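Enquirer: Read in order, the letters of the sequence shown correspond to residues -13 to 118 in the numbering used here. Mind having a look at this structure? Questions to follow.
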Amino acid sequence: MKLQITKTKENPILKRKEIEGTIIFQGATPSNKDAAKEIAGQQGTKEECIEMKQIKTEFGKQKATFKAYIYESKEQKDKIEPKTKKQREEEKKAEEAKKKAEEEKKEEKTEEKPAEEQKEENKTKEKEENKE
-13 MKLQITKTKE NPILKRKEIE GTIIFQGATP SNKDAAKEIA GQQGTKEECI EMKQIKTEFG
47 KQKATFKAYI YESKEQKDKI EPKTKKQREE EKKAEEAKKK AEEEKKEEKT EEKPAEEQKE
107 ENKTKEKEEN KE
């Protein structure tokens, strides 16, 4: 995959670089993730700071044009770019998994406490029996 940047525009208000260019590829059209990885390598930035806006292919050709935004930081990108439905669902699943893990830890702790109480009760019974 060859990537050629044809237009670059600095946007200091949003703290990003807006780039346009062409991609020459073999086989299937590259995914947003693959294109972002290639741009990150060429521009010397982190892949997570790049937001791919579009990749348009030309009919019958192994060539596509793209638009992408390169942000200064991931925090800046998260602040400006709206999250896709897929990203929101992934975050929701991660939160649910975290809650389940916390609940399991709480259950384990509550199960341990009664066992300790039983040991204490057994000790007090043994002491009473020994006194008799």
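C-beta: ideal position from N, C-alpha, C; glycine also. Quick caveat, the model's predicted, so the values are computed rather than measured.
From what residue to what residue does the alpha helix (DSSP H) around LYS65 run?
Expert: 60 to 66 is the extent of the alpha helix (DSSP H) around LYS65.
Enquirer: Mind the definition here: the stretch 53 to 69 touches the stretch 31 to 45 only if three or more C-beta pairs lie below 8 Å; say whether that holds.
Expert: With a cut-off of 8 Å, the stretch 31 to 45 and the stretch 53 to 69 count as touching, because enough Cβ pairs lie within range.
Enquirer: What span of residues does the alpha helix (DSSP H) with GLN28 cover, start to end?
Expert: Here the alpha helix (DSSP H) through GLN28 covers 18 to 29.
Enquirer: Less than 7 Å between C-beta atoms, sequence neighbours within five positions excluded: which residues of the same chain meet that for LYS63?
Expert: Here the set comprises CYS35, GLU37 and TYR57.
Enquirer: Do three or more CB pairs link the stretch 15 to 32 to the stretch 64 to 79 at distances below 8 Å?
Expert: Result no; under three Cβ-Cβ pairs closer than 8 Å.
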